[in-house]
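What follows is a single structure, written as structure tokens, with notes after it.
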Amino acid sequence: MTLLEVKDLKMYYEILGKGYVHAVDNIGFNLDKGETIGIVGESG
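Each position in the sequence shown, counted from 1, maps to that position plus 958 in this note's numbering.
Structure follows, in structure tokens:
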């Protein structure tokens, strides 16, 4: 049983005067009952 479905997730951060950082670009996942997910970036 899918509790959470994520499709085409994008997350960009603007660095003033320098453009954007593409932190996450077009990812997707399903989280089913009883599962746990953790997403950790470069900064921890």
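We put the CB at the ideal spot given by N, CA and C, even for glycine.
Residues near residue i in its chain [Cβ-Cβ closer than 7 Å; skip 5 each side]
| i | result |
| --- | --- |
| D966 | N984 and G986 |
| A981 | M969, Y970, Y971 and G999 |
| L961 | L989, D990 and K991 |
| V979 | Y970, Y971 and I973 |
Residues bridged to residue i [DSSP beta-bridge criterion]
| i | result |
| --- | --- |
| L977 | The question names Leu, but residue 977 in the sequence shown is Gly. BP columns for G977 point to I973. |
| D966 | Bridge partners of D966: none, in fact. |
| N988 | E963 |
Close-in-space but distant-in-sequence residues of the same chain around residue i (CB under 8 Å, 5 per side omitted)
| i | result |
| --- | --- |
| M959 | D990 and K991 |
Beta-carbon contacts of residue i that lie in its chain and below 6 Å, excluding the five residues immediately before and after
| i | result |
| --- | --- |
| E963 | N988 |
Simplified DSSP state of residue i, which is helix, strand or coil
| i | result |
| --- | --- |
| V982 | strand |
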